Every structure is written in C-alpha cells, then in structure tokens.
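Below is one structure; the comments refer to it alone.
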Amino acid sequence: MARCACAALLEVLAAGCVALPGMAAEPRAASAIEGDWVRVDSHGSGTFGALADSFRAASLTPRGAAALAQLKYGQRELPATGPHKVGEPYVVVDRPCSGGPFTEGVLGIDPDSGAIHVVVARAQVLIAPERGGARVIYLDGRSHPDASRWTPRGTGHGVGHFEGAVLVVDTVGLTAGSVPAGGWRTAQTHLGERFKVSPDGRHLSIQYTYTDPAVYRRPHTYEYQFERLPAPSYALEEWCDPGDPKERQSIVPPPQN
Amino acid sequence: MSRAHRGQARPPAGALALMLVTAWCALVPAAALRAAEPDAGADLSGYWELGADSRSVPAAELAAAVTPAQVAAHARSDAYAIRWCNLLGMPFLMDSGRALNLQVGGREVLLYPEVQVEPRHIYLDRTAHINPEDYDPSTNGDSIGHWEGAVLVVDTVGFAANHGLTAIPGGGYRTASSHLLERLRLLPGGQVLAVEFTWSDPQVYARPHRYEFRYHRLPPTFEATVRQRCDPYDEDRARFLEAATPGGFAAPWASPGKP
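Those protein sequences? They're chains B and R, same order as listed.
Mapping of the first sequence onto this note's numbering: residues 10 to 266, in sequence order.
Mapping of the second sequence onto this note's numbering: residues 15 to 273, in sequence order.
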C-alpha cells in the first residue's frame, strides 16, 4: 500500500515538474496544440468564401487602401466559350498548379479548407498546410532579423513563446498581399497570433492581429476556429501536375439521352 | 526496534519520493520526459546538411527481371517530374541540396528541406500503416516511427509508383511495392546524424539495398531560407532540360494504371 502511494506521489510530482514555468516550450501546452486541425465555418456562412464576412472590416490608411486596390490575384482563367460538344472538355485554366501563394506554406498563416498539421518540437513549432510548404515558428528566444537582410516570404519570420497554455507568435517579413476582411500586409507589418486549445482538446482558436501604422488606422483583428481531426488522421498529398492537360479542364459534357 | 524508532532512522516513504522527484526535476530536461523522445542526447531536432563526404552508397544489385528499358523509362519519368515541377518526394527529399529541417514533436517527426516536396511526416503515435484500401499512394509514402533506445526506426510503404522523382541512390527506383526502413541516430557528440536506408522491393532489387548518409548539424542560429522556386512555364528552362533528355519525357498521366 505504501509503495502504491509512493508511486502515485511520484507520478503527480513528475507531472508537476514537467509543467514548471519558464521552460522554452511547456510540454503540456505543446502536446495540446500538436496535431491535425481543419478550419470550420463557425458563423454559419454557408460558403468558404464568406467565412470572413462576419469579421470586422479592416480600417485601412489611404496607402493601405491603394495597395489593396492594386491587387490582382488568381489563376489565369480563360474566357467563357459557347456550349461544347459531347466529350469536348471545357478548358478553363491557362496555367494550373503554377504555385501562386500556396507554395511557400502561407496557408500555415491563413488556412483554407485543407488541414494544417502542427508539430511542436523543442525549439520550433512547424505548421505544415496540406497544400504545400511549411511555416517555422522559432521558440528559442531569437529576435527577428534585420529587415535589410531578410527576403520577404509567404510565411514571414515567426517567433513564439508559451504564455501558460497559449502559444503567442509574432511574425514580420511577409510578402505583400491581402489579408482576410479587407486587410493588407507588407514586409513591415506585424502579425500577432494567439493559439489556444479548448479544455477538451478538440478545438483550436487562432486570434490574428495585424498592426502596421502605414497600412491600418487601427489593429486589424479576427479569429479562426478549428476542429481536431480524429485519430489516425494524417497529411494528404496535394498532387497537381501542370503538364497534365486534365489540370486545365473543367466539365466534359457527357452523352445525352 | 519499534515502528517509531525505525521512522526516525529512515525518512518516510513520501519524503524519500519527494527527494527523488526533486532530483529528477533538477536533472532531467522537460523535453526528455515526453514519451516520444528518449533523452535529450538523442534529440535529432535541428537543421542538417550533407557534405561531399556524407554519402556511403554502394551499387545496388537489381533483380534479374529489371531490364535496361525499364530503367530508361523510369529515368524519363523522373525527368518529366523535374521538368514540370511535380512534387519530387522520397528519396530525393533526404538529399535535396538544401538544409533539411528535422523536428521531433510528441506525435510526429516532420522533415522539410524547402524544395519541391511536401513536408515528410513520420508518425510516432501509431504502430500500423494506414489501410492500403484507404491510403492514396504518395511521393513520400506513409511513414511510421518508433524509438529503439536513441535510434529512431522508420518504416515507410505506400509510395506512388510513377509520381515524383523515383530514382534511388545506388541504382533502382521506387515502385508501389517498395518498402523503406530507416534508422536515424546521432553519432557521439551529437553533431552528426547518421541515417541508414534499406530499400526492399522484389520487383527491383535482388536483395535489400542499403546505404548511409551522414548529415552535419547546422548552428542553432541557422535561419530557414526561401523555398526553392520552380516555374514549369519558363520556356527557356524547359528547353534547357529537354536538351538533356534525348528520349523525351515520360508523363505519368499518359501511362495506364494507378499512380
């Protein structure tokens, strides 16, 4: 009996020492955030494109608004053609799989309907979105590099730390581009994020705050909600071959009765 | 000796446990207590790169059924994957020419070299592969790993037969029936990561093909670089590559059967 009590005490105290404050990555918080997550339509928007409709719109400076107005994004879609014959495919995309914003892991910041896979290691958090690339968040206490020596990229330069169970991240050095709910970002923009897992471990919220006096009149804030994928979830491969003629196609009219 | 007297001579069990745990907390880093990581000395996490002296690769002994025409066809398929900026996958991912970011988490190990690949996931939280009926073959395959002491043992199946760069160092190529076993361990000092690769595939090899890479650890201050770009619509680049592929490219979508 005494041995059982001692073993139980050891377990309790050992668990306690894992959670001692001041450690670079608190394992309990880390293990909660690690996993596979998929973004959900928490506001009942109905369509994925409308997910941000309920967010408070960004308040841009004239410079920020001008930059956003210049935005040209999207695949090079071809003009519509008349009805096609049976078996004659509609060719709707000129240059499929050409990368665009997805290839550098930018979906690790602004996830779409594909899952994100979060790994928490000793000195890094890695976020691997399902459409390619990976985002690094350093936990080792380093500072952001001098802007003059940094090549902006889709994932920027992210540094983070745990405040209790919340992962707090600051990112700069992003490529210029749009931000949900009418926002804009540049290499000088600061993106603050707070990753928080629900007590039951099944839900993740990420609160985003963009700050840049050259672009925003006030900090631009919104929040995404995620659900944890059930075990044994795993990362799917997003295969897209730009050399395959079918990647350019949409519907192939079937035979009509 | 009375019970009370024994109590004075020896500390109570609870106090002894407290002392042990206090010492434990002082000596053992938190990361080492995580189930997936054996001890701090075996922490494989970091940025790694291969040098000119990093590869010990013997010539593979191919199965008798492998013909020169099959080898040439795979080479043309590989050239297509490079030409069209396809995901290149394994085993290219482990020798891409860029620093390899390897991070050990509690549930999985993730490897990413910032080239034309999907990050590689090695799952530590399951001991069986995904049911082949459910798993779509991929360029990286389905990898599961476990620790044998300080050695990370990784087992991979589920490769796509003709997606990505299939060439295997030393000869041969991966197919849908390929099985890769890897053993990752730090050499003394922790600055060199040795990875032993063993490919088994009766369609390709007469016997398992084994080789070893030794990666050098980059400084902890190393910063990830910009992902290597690849533009399939760059015509000058296409002509450059076509000139080195006299037999022409072999497109996987033009071949019948599963990927």
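No residue lacks a Cβ here, since even glycine has one placed at the ideal position from N, Cα and C.
These figures come from a predicted structure and were not determined experimentally.
- Within the region 58 to 75 of chain B, no residue has its Cβ closer than 7 Å to any Cβ of chain R.
- Not a single C-beta of chain B is nearer than 8 Å to the C-beta of G159/R.
- Contact between Q258/B and P98/B is confirmed by a C-beta separation of about 4 Å, below the 8 Å threshold.
- Taken atom to atom, the span from the alpha-carbon of G53/B to that of A185/B is near 30 Å.
- Within the same chain, and ignoring the five residues on either side of G173/B in sequence, no residue has its Cβ closer than 6 Å to its Cβ.
- Excluding its 5 nearest sequence neighbours in each direction, H166/B has C-beta neighbours in its own chain below 7 Å: H153, P154, W159, T180, V181 and G182, listed in chain order.
- Along the region 127 to 142 of chain B, the positions whose C-beta sits under 7 Å from a C-beta of chain R are V128, V129, A130, R131, A132, Q133, L135, A137, G141 and G142, read in chain order.
- Within a 10 Å sphere around the beta-carbon of V95/B sit fewer than 16 other beta-carbons, which makes this residue exposed.
- Using a 10 angstroms sphere on the CB of D148/R, the tally of other CB atoms stays under 16, which defines it as exposed.
- For the beta strand (DSSP E) assignment, the uninterrupted runs of no fewer than 3 residues enclosed by the region 129 to 214 of chain R are, from N- to C-terminal side, 134 to 137, 156 to 162, 165 to 171, 193 to 200 and 206 to 214.
- Under the 8 Å criterion on CB atoms, D253/B is classed as interfacial with respect to chain R.
- The C-beta of T189/R comes no closer than 8 Å to any C-beta of chain B.
- Here DSSP, grouped into helix, strand and coil, assigns V224/B to coil.
- Residues of chain R with a Cβ closer than 8 Å to the Cβ of Y243/B are, in chain order, H135, Y137, I144 and D156.
- The beta-carbon separation of G184/R and A74/R, rounded to 4 Å, stays under the 8 Å limit for a contact.
- Taking 8 Å as the cut-off, the beta carbon of V177/B is found no closer than this to the beta carbon of R151/B.
- With fewer than three CB-CB distances shorter than 8 Å, the region 204 to 222 of chain R does not count as touching the region 120 to 138 of chain R.
- Chain-ordered, the chain B residues with CB closer than 7 Å to the CB of S152/R read E246.
- A straight line joining the alpha-carbon of P262/B with that of D253/B spans about 19 Å.
- Residue pairing by DSSP places E75/R in no beta bridge whatsoever.
- Counting along the chain, I96/R sits inside the alpha helix (DSSP H) bounded by residues P82 to R97.
- Nearest CB-CB separation between P105/R and chain B: not below the 8 Å threshold.
- By the neighbour-count criterion, in which a residue is buried when 16 or more other Cβ atoms sit within 10 angstroms of its Cβ, I260/B is exposed.
- Across the region 155 to 168 of chain B, CB contacts with chain R closer than 8 Å involve T160, R162 and H166, in sequence order along the chain.
- Runs of the alpha helix (DSSP H) spanning 4 or more residues and lying entirely within the region 59 to 134 of chain B occur at 71 to 78, in chain order.
- Taking each of D150/R, A238/R, R188/R and L124/R in turn and checking the Cα distance to I158/R, the smallest one comes out for L124/R.
- Here the alpha carbon of A265/R sits roughly 33 Å from the alpha carbon of P241/B.
- In terms of Cβ geometry, Y233/B and R72/B do not form a close pair [threshold 8 Å].
- Listed along chain B are A130, each with a C-beta nearer than 7 Å to that of V118/R.
- Secondary structure at F236/R: coil, using DSSP grouped into helix, strand and coil.
- Unbroken beta strand (DSSP E) stretches of 3 residues or longer found wholly inside the region 182 to 257 of chain B: 186 to 188, 192 to 194, 199 to 206, 212 to 220 and 229 to 237, given in chain order.
- Neighbourhood of V145/B in chain R, by CB distance below 8 Å: N115 and A238, in chain order.
- Per DSSP, D250/R is one residue of the alpha helix (DSSP H) stretching across E249 to E256.
- Cβ neighbours of A137/B within its own chain (closer than 6 Å, five residues either side excluded): H126 and A143.
- For R104/B, the chain R residues whose C-beta falls within less than 9 Å of its own C-beta are P246 and Y247, listed in chain order.
- Annotation: the continuous beta strand (DSSP E) that includes Y147/B extends over R144 to Y147.
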